[in-house]
Structures are given as C-alpha cells and as structure tokens.
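2 protein chains.
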Amino acid sequence: MAETTEPPGRREQNKIDTRRAIAEAALTLARSQGPGSFTVDQIAAHAGVSRRTFFNYFRSAEDALNLRTESFLELAIGIFAAQPAGLPLLDTMIGAFSATTQVEHLGAHGELFRMAADNPELLRAQLHSWERAETRIVQAVEERLGDGVSHLYVTALVGSVLSCTKAAMQDWAGETPEPDDASGADLEARIVRALSLLRDGFANPA
Amino acid sequence: MAETTEPPGRREQNKIDTRRAIAEAALTLARSQGPGSFTVDQIAAHAGVSRRTFFNYFRSAEDALNLRTESFLELAIGIFAAQPAGLPLLDTMIGAFSATTQVEHLGAHGELFRMAADNPELLRAQLHSWERAETRIVQAVEERLGDGVSHLYVTALVGSVLSCTKAAMQDWAGETPEPDDASGADLEARIVRALSLLRDGFANPA
DNA sequence: TCAAAACTTGCACAGCGTGCAACAACCGTG
DNA sequence: CACGGTTGTTGCACGCTGTGCAAGTTTTGA
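Top line first, the protein sequences correspond to chains Y and H.
The numbering of the first sequence is our numbering, which starts it at 1 and goes up by one.
The numbering of the second sequence is our numbering, which starts it at 207 and goes up by one.
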C-alpha cells in the first residue's frame, strides 16, 4: 500500500485516539445541543482533554465536526490513486467516487450535510475540505498524465467531478434522514448518475 | 429591470457608502500589511466608523474583503436571470458567465484569488460566496424550467458550471498578476474554453 | 536507565462577536 | 417647520476564541 514512513508506536496511536475522541465529543454535542451552540471548553471536557490540547488538534469547533468529511475525502483520494491508469479519466473517476460509498459511518456524512445547512462556519469548513481535496486530486491527475494536458482542463474537470459528487451526496442527504442497509447503494447510484450526466455534457435532462 | 421595492433615500445610499468604505479600508490594509495580519479595529478606524458598526455590516474581516467577490457573483446572477429562455441551458450559461468579465475592478478579483491562496479564512469566505451563488442560480433555473427536471440534474449542472468558471478565473489570476486592457478578453476566453470542455463532457483534453 | 524528543497543560493576553441601551440621523405627515 | 416614528450608530460589557510560552509529563531509542 501507499505507506508513508510509518513508525506505528504508542505516540501515533495516542494522537489518533485523541483526535477521534475530540471529534466524537464534538459530534455528540452537536447532536444534543445543535451545531454552533456549544463551546470549545465543552468539547474538550467531553473528550477528557484540556482546552489547549483541543487547539493543538483543530483550528475551531467546526473543524472538529468536519473530521468525518475529511476522512471521506481522504478515502476518495486513496481509491482514485489506486486506480489503474489506462482507462479514460472520467470513467476512472466515476469508478473511484462511486466506490467511496463504502466508507464507515455513512449516515453521519448525511447528518453533517444537514447540519451545515444552518451553520455557516461548518459549511465553510466543509467547503474548504472539498477544496483541498480538489487540489490534491489535481496534483495526482497531473502527475499521472504528465505535462501534455493543460492545467485549465484538469482543474475544470476535477472541479466538475467533485461538484457532481457533492450534488449527489446533498441530494441523497436531503432525502435520506435515517439511512438503512440500502442507502449505500442509493447514494452510489446517485453519484454514478450525476457523473454520467457530466460525461454526457448535460445534454439530456432525463 | 428587476427592482425590488426600492426607496432610494439618503438612508440607503449611506448604507451602501459605508459598506463600500469598510470593504475598501479592508482591501487597503490587506494590500499594505498582508491579509490576516490586521484587526477589525484597524479596518473600522480606516473606514471612519466604530468597531460595532463594522459588525453590523460584516461578520468578519475576511467577509469585508470578500465584498468584491460577492458583487461579481451578484452580477453573474443578474446577467443570467436576464438571459432569454429559449436556448439550451448550458449555452445560456456560457453566454452569461463570459459576459461577467466586464465587471469593474477586474484586477481586484484576481488579487483576491491570490490573497486567498495563503489565507484560509478568506478562502473559506470566497467558497461560501460561490456556494450561495450556486443555490440562487439553482433556484432561478428551477423556476425557469418548472417541475419537469430533476433536482440532481440542476444542482450537478450548476455546480459544474460554477466550478469551471472558478477554475478559469483561478487560472487567469495565476497568470495575470497585473491586468491590462487585454486581460478582460483573456479571462473571457478562458471561461468560454472551460465551459466548452464541460459541454463536450471533457472528452478531449485539447 | 537515562537523556532527548514529543506531547499536554495552565496561564496570560489580544482580539472577536454580540446583546443592550442610549443617542443621532432620517423620513413622512400635517 | 416641527415632531413623532423608524432606522442606523455607538460605547460598553461580557464570554469565547486562538496562540505564544514555559513548565510539566509521557514516549522513544540507545
């Protein structure tokens, strides 16, 4: 796999656990009190950690909530990077993004989309996550394709793909308040549908 | 035109002026000290207004900087709304967005893109502006097309169009530090190019 | 076993964002 | 013009945010 020089000692594990605990605490508070109506001190207390340590891990309460989104996009990037290089680019991406629906805690992602609807800071954090993912995917694509392709082509393509994926997830989140066994397949279908529209140049409003 | 019940008294004008003055002060400070290294108090002082009044107009220093972006998107929405309804949707949008390059202070927009590159909060504010514009355009399109078209189709389409426009502007901003007479046409060409790629389903990396 | 490296914590401090109440500018009406 | 209602501005107070710093504590590797 693509392991970056990894000494999996106690330290690394502790940090991962702490990070998770903080994010979990934030999510719990957001569920019980509503997003945007709790303080960093509360999160820290729930996570069993000092206020100062919270800020060693996250820049804001919203960023902590946003860890789930971040990990989803991390997964998407990983899957895309592992894809074989022969196929047409757009088809490769359709395959990669439809596969991301097997991420854990799928329901929580929809939940976060819904929370962001009435919480500007959280929405901004999410948009930022997508933006950074976009940058990374653009880099990956340009490395894969070499110098022969224009930067504008790649950025427009990747941006559009992510926009369609986002639209599919939002659509899904809006209609799937309580996810069940089939909702993963449901989301996947929507992503494929949106990306197929893109491949067809949106010629057919179907 | 589409005037919303407008009593153009001294009050309205004062508010517009104040808003402009604050945004202008913020931009000046960002230019001289770099974005993110000045306080709201400084902006307020430069604008000849109290700190409290600043917060009556903007939610943060970055939002103040972002007024230019906001007005650009406002213009885009207006032009799109004024477009005749007969043509294919995507062609209508290509026309509308390429026409937005005639906005005032075009150079400042590129400047803001470049500032956002190393200022997370400003970047988030800009992304948020684009997101809200997307929502409004989606509404406009759905009103125009009626209930016959799927929500996913519209959101995916509008998201992609905006992504391509953004990509074009970023590309342009990166290569055009000091805009001259021709740079408006340059930007317009890039927007048309990116949106044409979209219409062709990105089939040809050209 | 021990010292260096990495992480946590408390503290202090500047700055942020907002509710509130007093004040000032503007508006329409008579 | 005058005057009351409406709308915008300002100062103040208060809690929360985000960060540098220095003193602890835990982990690491030798």
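Cβ atoms here follow ideal geometry from the backbone N, Cα and C, with glycine treated the same way.
As the structure is a prediction and not an experimental result, all values here were calculated from the model.
| Query | Result |
| --- | --- |
| Delimiting residues of the alpha helix (DSSP H) encompassing A231 (chain H) | 216-239 |
| Neighbour list for F408 (chain H) in chain Y, Cβ cutoff strictly below 8 Å | L89, L90, Y153, A156, L157, S160, L198, R199 |
| Alpha carbon of W130 (chain Y) to alpha carbon of F80 (chain Y), nearest angstrom | 15 Å |
| Terminal residues of the alpha helix (DSSP H) in which Q42 (chain Y) lies | 40-47 |
| Residue interval of the alpha helix (DSSP H) (run including T298 (chain H)) | 295-305 |
| Collapsed DSSP secondary structure at A395 (chain H) in the structure displayed | helix |
| Alpha-carbon to alpha-carbon, T100 (chain Y) and I94 (chain Y) | 10 Å |
| Straight-line gap, E349 (chain H) to V355 (chain H) (C-alpha atoms, nearest Å) | 10 Å |
| Contact list for L123 (chain Y) against chain H, beta-carbon separation under 8 Å | H334, E337 |
| Distance between E268 (chain H) and E327 (chain H) (C-alpha atoms, nearest Å) | 6 Å |
| Nearest-angstrom Cα separation, counted from A44 (chain Y) out to E230 (chain H) | 39 Å |
| Distance between V40 (chain Y) and R342 (chain H) (C-alpha atoms, nearest Å) | 33 Å |
| Simplified DSSP assignment, three categories, for L198 (chain Y) | helix |
| Contact under 9 Å by Cβ, T176 (chain Y) with L112 (chain Y) | no |
| Contacting residues, own chain, Cβ-Cβ under 6 Å from A116 (chain Y) (five flanking each side not counted) | L122, L123, Q126 |
| Completely contained alpha helix (DSSP H) runs for the segment 305-369 of chain H, where each covers 4 or more residues | 312-323, 326-351 |
| Contact the segment 185-196 of chain Y vs the segment 166-176 of chain Y: 3+ CB pairs below 8 Å | yes |
| Local conformation of T210 (chain H) per DSSP, three classes | Note that T210 (chain H) scores a pLDDT of 43, beneath 50, so its modelled location is shaky; the value from the coordinates is reported in the next line. Looking at T210 (chain H) - three-state DSSP - the assignment turns out to be coil, as it is neither helix nor strand. |
| 9 Å Cβ cutoff, D353 (chain H) in contact with chain Y | no |
| Check whether F97 (chain Y) and V138 (chain Y) have beta carbons under 9 Å apart | no |
| Residue span of the alpha helix (DSSP H) that contains R68 (chain Y), given as start and end | 67-82 |
| Partner residues on chain Y for P411 (chain H), Cβ-Cβ distance less than 9 Å | L89, L145, G148, V149, S150, Y153, V154, L157 |
| Simplified DSSP state of N204 (chain Y), which is helix, strand or coil | coil |
| Minimum Cβ-Cβ distance from D171 (chain Y) to chain H less than 9 Å | yes |
| Where D171 (chain Y) falls, given that 16 or more other Cβ within 10 Å makes a residue buried | buried |
| Cβ-Cβ separation, F408 (chain H) to L87 (chain Y) (assumed contact under 8 Å), whole Å | About 14 Å; that fails the 8 Å criterion. |
| Contacts that A267 (chain H) makes with chain Y (C-beta to C-beta distance below 8 Å) | The contacting residues do not exist; A267 (chain H) stays about 14 Å from chain Y at best. |
| F58 (chain Y) - DSSP class collapsed to helix/strand/coil | coil |
| Contact check, F54 (chain Y) vs I22 (chain Y), beta carbons under 9 Å | yes |
| Near-chain H residues of the segment 163-196 of chain Y - C-beta to any C-beta below 8 Å | S163, C164, K166, A167, A168, Q170, D171, R190, R193, A194 |
| Under 9 Å from the C-beta of P120 (chain Y): neighbouring residues of chain H | R265, H334 |
| Where A64 (chain Y) falls: helix, strand or coil (DSSP) | helix |
| Backbone CA spacing between Q13 (chain Y) and H357 (chain H) [nearest angstrom] | 43 Å |
| C-alpha gap between H46 (chain Y) and T18 (chain Y), whole angstroms | 12 Å |
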